[in-house]
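Novice: The structure that follows is given in the form of structure tokens.
There are 2 protein chains.
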Amino acid sequence: MTETTHRTQAQRREQTRTALLDATIDCLVEVGYARTSVQEICARARVSKGAVQHHFTAKAELMAAAVEHLTTKLRRRLAESLDELPGGGTGVAAAIDLLWAGYSGTLSTAVTELWVAARTDPELRAAIRPVDRALGRATLEHVTQVAGELPPERAEMLFWLTVNLTRGLALDAELGGDPNRRRQLLDEWKRIAVLLYQDATAAPS
Amino acid sequence: MTETTHRTQAQRREQTRTALLDATIDCLVEVGYARTSVQEICARARVSKGAVQHHFTAKAELMAAAVEHLTTKLRRRLAESLDELPGGGTGVAAAIDLLWAGYSGTLSTAVTELWVAARTDPELRAAIRPVDRALGRATLEHVTQVAGELPPERAEMLFWLTVNLTRGLALDAELGGDPNRRRQLLDEWKRIAVLLYQDATAAPS
DNA sequence: TGGAAAACATGACGCTCAGCATGTAAGTTC
DNA sequence: GAACTTACATGCTGAGCGTCATGTTTTCCA
Chain E
38 MTETTHRTQA
48 QRREQTRTAL
58 LDATIDCLVE
68 VGYARTSVQE
78 ICARARVSKG
88 AVQHHFTAKA
98 ELMAAAVEHL
108 TTKLRRRLAE
118 SLDELPGGGT
128 GVAAAIDLLW
138 AGYSGTLSTA
148 VTELWVAART
158 DPELRAAIRP
168 VDRALGRATL
178 EHVTQVAGEL
188 PPERAEMLFW
198 LTVNLTRGLA
208 LDAELGGDPN
218 RRRQLLDEWK
228 RIAVLLYQDA
238 TAAPS
Chain L
38 MTETTHRTQA
48 QRREQTRTAL
58 LDATIDCLVE
68 VGYARTSVQE
78 ICARARVSKG
88 AVQHHFTAKA
98 ELMAAAVEHL
108 TTKLRRRLAE
118 SLDELPGGGT
128 GVAAAIDLLW
138 AGYSGTLSTA
148 VTELWVAART
158 DPELRAAIRP
168 VDRALGRATL
178 EHVTQVAGEL
188 PPERAEMLFW
198 LTVNLTRGLA
208 LDAELGGDPN
218 RRRQLLDEWK
228 RIAVLLYQDA
238 TAAPS
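Protein chains in written order, with the working numbering: chain E, 38 to 242; chain L, 38 to 242.
Encoded structure:
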């Protein structure tokens, strides 16, 4: 057995805490928000309901913590991949691909579940808004670093357009839309973005 | 009292049925899918649980019927507004506005709730997919009629890009994102679309 | 090394839910 | 207008939910 190790209290705490949060994310992805129960989370995290009670006073608090956990993960992943981008037009296309990859993965699926649930749950909403805004800002900074020659205002536009388009496509993917069409649309958008990028850098107003 | 009227059986049936479906949509919009219970729906529709039992064998069936009811409404509304569009570049911009209006209203909010729920509910998913595809196709036809000078392939691209972008923006709106930024993004997209439209019509390959 | 404190497990409580069995009223048919 | 069918109401049941009170184990510290 691997259970013979002596763990410090802080380690124990941190370990079951992240286990619970990861299990929560798994639940959101696999069974959806509506059917994500504390019991199911506990079963997946291999802990008892008393544990979650000890760490979080209520289910809402667990969800709020899951939001932060989730956003932190997404942020880390996006930051890593965005740092190794080339500049110029090919960089723009690559950045769009990365944004799509980031916003269409399982992590983002969980985020969408929480987003939609948050619409009618003020508490959850209050928890989501700040961290999501922070994620957007941080990602935007990375992107603008890549496309430095572009006027920041236009770079921001391109970024947010890409993000929102990507979220729409992610929704389509969740329901089992045609993957080929999504790829076509993404390719078309990349073409458009590169075009706009070149226009803007060639003829700065 | 207004209750003295003699209603035929078909009328009674249809009346409570649509009352139930409308109440379901209201529930989805106001309290969200996760907390939409049969009891809540009955309370809003002013009928008993026995009634819904009589009309739909299970809750899933009610939801499936709600999907169709919802899509029919959306389709009707979009068709009406899209028919009175001007042609040319201004028509493109106007069409984008209409699509945004259609995909950001309360009806579409309910659709989003069902979409996200359907991701982890095969039964609901099976009910949604065909009607949603039909809605997309029908709307696309109306749009391509408006922008007839464009090669149909490119018109379709523009349409689906707009739809997906709009859905992403609608999600942002649901969580209380900045309305001004959404307007800016939509305006920017309209500018881009008109530009692309003019390029394509001026220099057909 | 023993007691305090933190981390976690167990079991029970009140509540809501979806589904069903049964009863009643409204419309239809002859 | 009486038998019959359809439309709807009422009450119940078992299951699952979140939360809480109380035990048990593990780590810490003096």
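A virtual CB, placed ideally from N, CA and C, is assigned to each residue, including glycine. Please read all numbers here as calculations on a predicted model, not as lab measurements.
Can you tell me whether L:Thr-42 is buried or exposed, with buried defined as 16 or more other CB within 10 angstroms of its CB?
Specialist: Flag for L:Thr-42 reads exposed.
Novice: Against E:Thr-149, what residues of chain L qualify as contacts under a CB-to-CB distance less than 9 angstroms, listed in chain order?
Specialist: Val-153, Arg-156 and Leu-208
Novice: Would you report the Cα separation of L:Ala-230 and L:Ser-118, rounded to the nearest angstrom?
Specialist: 20 angstroms
Novice: In terms of residue numbering, what span does the alpha helix (DSSP H) encompassing L:Thr-157 cover?
Specialist: Note, L:Thr-157: premise wrong, no alpha helix (DSSP H); not H, not E.
Novice: Tell me the residue span of the alpha helix (DSSP H) that contains L:Thr-199.
Specialist: Membership of L:Thr-199 in the alpha helix (DSSP H) is indicated by the continuous run 189-211.
Novice: In three-state terms, what does DSSP make of L:Thr-108?
Specialist: helix
Novice: Closest to E:Tyr-140 by C-alpha separation, out of E:Thr-176, E:Leu-161 and E:Arg-162, would be which residue?
Specialist: Checking every option, the nearest Cα to that of E:Tyr-140 belongs to E:Thr-176.
Novice: Going by alpha carbons, who is nearest to E:Arg-174 out of E:Cys-64, E:Glu-98 and E:Ala-192?
Specialist: E:Ala-192
Novice: Do L:Leu-107 and L:Ala-147 count as a contact pair if the criterion is CB distance below 7 angstroms?
Specialist: yes
Novice: Please list the partners that E:Thr-94 has in chain L, where partner means a Cβ-to-Cβ separation under 9 angstroms.
Specialist: Near E:Thr-94 there are no residues of chain L at all, since even the closest Cβ is about 20 angstroms away, more than 9 angstroms.
Novice: Using 8 angstroms for Cβ pairs, my map puts L:Trp-137 next to L:Thr-181. What's the rounded Cβ distance?
Specialist: The C-beta distance from L:Trp-137 to L:Thr-181 rounds to 18 angstroms, too long to meet the 8 angstroms contact threshold.
Novice: Drop a sphere of 10 angstroms on the beta-carbon of L:Gly-124, count the other beta-carbons inside from all chains shown, and report buried for 16 or more, exposed for fewer.
Specialist: exposed
Novice: Which residues in the same chain have their Cβ closer than 7 angstroms to the Cβ of E:Ala-97, if we skip the five residues on either side of it in sequence?
Specialist: Glu-160 and Leu-161
Novice: Taking any Cβ of chain L, which residues in the segment 155-180 of chain E have a Cβ under 8 angstroms from it, in chain order?
Specialist: Ala-155, Arg-156, Thr-157, Asp-158, Arg-162, Ile-165, Arg-166 and Asp-169
Novice: Under three-state DSSP, which class holds E:Ser-242?
Specialist: Caution applies to E:Ser-242, whose pLDDT of 45 falls short of 50 and renders its modelled position unreliable; the value that the coordinates give is listed next. Coil, per DSSP.
Novice: Assuming L:Thr-53 and L:Ala-88 form a contact by the criterion Cβ under 8 angstroms, report the distance between their Cβ atoms to the nearest whole angstrom.
Specialist: 6 angstroms
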